[in-house]
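In what follows, a structure is listed as structure tokens, so that the remarks can point back to it.
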Amino acid sequence: MPRRPGPGAQKGGPLRRASGAKRSTFPGRGHRRCRRHPDQALYARRIGAAAGRRRLRGRNSRPGRIPLVRGARRPAARSAEVPPLGLAGRRQQIGVPTMVDTPMALSDTGPRDARGQWQPAGPRPEPPLFAWPPRPLAVFKWLFGFPGYLWPWTSLYVLIALGTWLYLQPEIARCATFAFDWIAQLYGRNLALLILIVSAWHLHLYVRKAQGLQYKYSVEWLSTSNRKFLWGNQLWDNVFWNCASGVSVWTAYETLMMWAYANEMLPYVDWREDPVYFVALLAAIPLWRLFHFYWTHRLTHWKPLYKAAHYLHHKNINVGPWSGLAMHPIEHLIYFSCILIHWVVPSHPLHVLFNAQHAALTPAQGHAGFDQLVVKDDAKLPAASYFHQLHHRYFECNYGETDIPFDLWFGTYHDGSPASHAAMRDKRRAIHQIQED
């Protein structure tokens, strides 16, 4: 029977041995061909096991490592000389302080669960806007109190939009035809504005760590070595999607709206003719945004759309300011469609700017990862949304916000309490047909 050529034999030529190679019954380095042996598989397994033991000894020879061999168990209690395993232990070895060593101790930030997740001390009061029976005094306090619906954050974003309209907006007459100059002006302005606002949150809370872990939802910081993010870095991944996709789609919508205003295609209102309506519409835009966000967010959790686009945003379980607008371009198109309301509602271009900027800038605050912004001593302001933080942890709850309680009405409400969590788990088991052992 003719011999089968080895991997190094020339096609169609005689079988040749490499120079210096010896005929052997076992495979090994330097052999061009070998004969099959009945114990070949056993031999290969033994060689592989020996190599594995050598690698294991090499890893365990590093200082501060607990030897792990087959059949061994981790010690129940670590001695003082052995640092803890994992990222915290590695940081201790190289001299980097762990997060527990920060000036703000965990006990200073409120109760935390077994995983170190921050929780409010008790159930949050529900906004009274849709309470029944009506509570007019509570609604008035919610609207005009400090902090409340209008103060300080809504008023701040209105001022940003007003300053943009007065000093950074191209004249409407220039927008009558699509031209590179005024579109580039919109894009550059929006990009600079986004970087300025989001970086202010990030630098204060994540670079300077001005309040340590105080009121931080998670004891972990942003990931710097996770393959699910671009370049393995959560921050740079989020910055890329904000600037490359978010600002582009935002500017595209604004460009369309300003072109339509310049060509008198949209219903227009002048503040001098109807100031009450003008101001009331400004105040109502955040509520419109909440309404629009709930339904479009539910849409992006539709399985085909989630797999195509929304999954990218949900890579961020432990969120930061740049996570808010870290979305797929498809989701940006859906998210910024809130601006299209001005095709049917009489508005001023300032309303369009405020609507667009509210959609672009408030996600940084909502995903800041801190429940409160400590201003000085005991003075603090509401920062991120604990309600939305729970959505990033559990995915199938809290699709909107509490100001308009759609989640309460449609059975997806989770306030962080054990009872609410148990109800969510029961609903998940029923939907996904999970059987308990």
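Numbering follows my numbering, in which position 215 of the sequence shown is assigned residue number 215; successive positions increment by one, without gaps. Cβ atoms here follow ideal geometry from the backbone N, Cα and C, with glycine treated the same way.
Here Trp118 is bridged, per DSSP, to Arg112. When the alpha-carbon of Ala368 is set against those of Val344, Thr154, Val319, the nearest one is in Val319. When beta bridges are read from the DSSP output, Ala309 appears opposite no residue.
Within the DSSP bridge table, the entry for Leu381 names Leu373 as partners.
With three or more CB-CB distances shorter than 8 Å, the region 108-124 counts as touching the region 208-218.
Using a Cβ-Cβ distance cut-off of 8 Å, the region 327-344 and the region 281-296 are in contact, since at least three pairs of beta carbons, one from each stretch, lie closer than that value. Rounded to whole angstroms, Phe387 and Thr177 show a C-alpha spacing of 44 Å.
Shortest Cα-Cα distance from Leu193 to any of Leu282, His414, Ala364, Ala430 involves Ala364.
Taken atom to atom, the span from the alpha-carbon of Ile197 to that of Ala430 is near 43 Å. Proximity of the region 321-334 to the region 236-256 meets the contact definition, three or more beta-carbon pairs being nearer than 8 Å. The alpha carbon of Ala131 has as its nearest neighbour, out of Gly416, Trp165, Pro405, Ala419, the alpha carbon of Pro405.
Cβ neighbours of His358 within its own chain (closer than 7 Å, five residues either side excluded): Tyr157, Ile285, Pro286, Arg289. Taking the C-beta atoms as reference points, Phe278 is found nearer than 8 Å to His348. When rounded, the separation of the alpha-carbon atoms in Ala200 and Gln372 is 15 Å. Annotated three-state conformation of Ser347 is strand, per DSSP. Ala161 places its beta carbon less than 8 Å from that of Leu353.
Shown here, Tyr268 sits in a strand according to DSSP, grouped into three states. One alpha carbon belongs to Ala283, the other to Leu150, and they sit about 8 Å apart.
Using a 10 angstroms sphere on the CB of Pro321, the tally of other CB atoms reaches 16 or more, which defines it as buried. Nearest Cα to Val269 within the set Leu137, Gln433, His342, Gly148: His342.
Rounded to whole angstroms, Lys228 and Leu390 show a C-alpha spacing of 21 Å.
Residue state for Lys216 is assigned as strand, using DSSP reduced to three classes. Taking a contact as a CB-CB distance under 8 Å, the pair Ile172 and Tyr311 does not count as one, their CB atoms being some 39 Å apart. Membership of Phe336 in any alpha helix (DSSP H) is not indicated, and neither H nor E is assigned to it by DSSP. Here Met265 is exposed, its C-beta having fewer than 16 other C-beta atoms within 10 Å. If you compare the alpha carbons of Leu299, Phe146, Asp113 with that of Ala379, the shortest gap goes to Phe146. DSSP places Asn190 inside the alpha helix (DSSP H), whose first and last residues are 180-202.
Look at Val279 here: in three-state DSSP terms it is helix. Rounded to whole angstroms, the separation of the alpha carbons of Gln185 and Trp236 is 25 Å.
Rounded to the nearest whole angstrom, the CA to CA distance from His392 to Gly416 is 13 Å. For Met424, the enclosing alpha helix (DSSP H) begins and ends at 418-432.
Counting only the Cα atoms, Leu408 lies some 11 Å from Ser420. Between the C-alpha atoms of Leu129 and Gly232 there is a straight-line separation of about 43 Å.
Counting only unbroken stretches of 4 or more residues, the alpha helix (DSSP H) elements lying wholly within the region 120-159 are 136-144, in sequence order.
Counted as a single uninterrupted DSSP element, the alpha helix (DSSP H) harbouring Phe410 occupies residues 406-410. Leaving aside the five residues that flank Met258 on each side, the residues in its chain whose CB is nearer than 6 Å to its CB run, in chain order, Cys175.
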